[in-house]
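So for the sequence shown, this note's numbering puts the first residue at 12; every next one is plus one.
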Amino acid sequence: MSTPEGEAPAGERILDATLALLARDGVAGVSVRTVAAEAGVARGLAGYYFNNKSGLISAALRRIGSQDFDLVQPAADGVDPVEHLRCCLRQAVDPSYLDPAYLSLRLQLWSLAGVDQSYAEINRAAQRRYLRGLADLMSAARPDLEPSEVGRRSTDILIIQNGVWLTAVLIEDGEAVDRAVGRCEALAFG
């Protein structure tokens with residue numbers, strides 16, 4: 012299917028609408044009908060791309076997981092691995108990640124893991140990918156560390172980052188976020 016120049020493909024618009032509805036109205040606000048209306052497409056087209064509500068939410072979970080994994084991509088050739096890891100740790104608290112609407116979306120999606128096994132598995136797979144990416148970055152920046160120590164430190168960093176994401180929606184405290192990043196840097200480089 013072709014799209015007018017400058018317009019996102021229908022599948023992307025539908026997924027964007029799903030994410031917007033989840034952030035604004037929660038899981039109860041998501042249906043093929045409401046997503047189609049939000050995306051400005053026919054209900055049948057939304058159903059074609061994602062089949063049903065579960066398909067929409069699964070795709071939303073996968074998109075968030077991919078965005079998280081983008082934070083821990085390997086350094087480009089010639090980039091100092093230590094500075095790259097520092098940059099990646101800072102990116103995790105970029106204002107776009109601490110935006111209340113985005114954090115609300117994350118909370119909605121994380122809560123689904125407690126009530127649906129398929130959503131839980133998507134979340135677990137995304138966390139494992141992120142953790143592996145973070146460990147790879149740390150191994151490149153800290154070749155002196157044993158793999159088990161890299162794994163332990165990476166897990167601790169992930170827990171701190173998740174804590175920032177979970178609480179930043181309720182507590183707006185830039186200094187606390189900076190201290191959390193400092194703790195992550197201390198774990199990575201201390």
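Glycine included, every Cβ here is placed at the ideal spot set by N, Cα and C.
Separation of residue 88 and residue 147 (C-alpha to C-alpha, rounded to the nearest whole angstrom) is 15 Å.
DSSP, reduced to helix, strand and coil, places residue 112 within a helical segment of the structure shown. Minimum Cα-Cα distance from residue 81 among the listed residues 34, 102, 70 corresponds to 102. By the neighbour-count criterion, in which 16 or more other beta carbons inside 10 Å mark a residue as buried, residue 49 falls on the buried side. Restricting attention to 90, 65, 114, 121, the CA atom closest to the CA of residue 182 is found in 114. In the three-state reduction of the DSSP assignment, residue 181 falls in the coil class. Within 10 angstroms of the beta-carbon of residue 65 lie fewer than 16 other beta-carbons, which makes it exposed. Around the beta carbon of residue 201, fewer than 16 other beta carbons lie within 10 angstroms, which makes this residue exposed. 8 Å or more divides the Cβ of residue 198 from the Cβ of residue 155. C-alpha of residue 134 to C-alpha of residue 140: approximately 10 Å in a straight line.
For the 8 Å CB-CB criterion, residue 96 and residue 21 do not form a contact. Between the alpha carbons of residue 104 and residue 83 lies a gap of roughly 13 Å. When C-beta atoms of the region 123-137 are compared with those of the region 56-75, three or more pairs fall below 8 Å, so the two segments count as touching.
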